[in-house]
Amino acid sequence: MDDYESAQLLFKGGKYSKTVHVLHNTTEKALKAAILAERKRPPYGAGGHNLVRLYQMVESKLKL
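Residue numbering for the sequence shown follows my numbering, beginning at 202 and increasing consecutively.
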């Protein structure tokens, strides 16, 4: 089961806080993979979990 499927099951079960947590982690992993693909270093500490900050590091390369 992948993260998206997990989030769907959690959502259907009314576990909204856990759903958001799983989706945040999934998005963070995808953004960090994009950052690493650009041969950049993701931030450490609290900044490494800030989705806006991570996105800003690769937004010119991503199409949303």
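C-beta atoms are modelled at their ideal positions from N, C-alpha and C, and glycine is treated no differently.
Straight-line Cα distance separating residue j from residue i
i, j, result
"LYS216", "LEU210", "9 Å"
"HIS222", "PRO243", "20 Å"
"SER261", "ASP203", "27 Å"
"GLU229", "ALA235", "10 Å"
"LEU263", "GLY214", "32 Å"
Contact belief for residue i with residue j at Cβ below 8 Å, rounded distance in angstroms
i, j, result
"ARG254", "GLY248", "6 Å"
"LEU232", "TYR256", "6 Å"
Where residue i falls: helix, strand or coil (DSSP)
i, result
"ASN251", "coil"
"LEU237", "helix"
"SER261", "coil"
"TYR245", "coil"
Assigned exposure category for residue i - 16 Cβ within 10 Å defines buried
i, result
"ALA238", "exposed"
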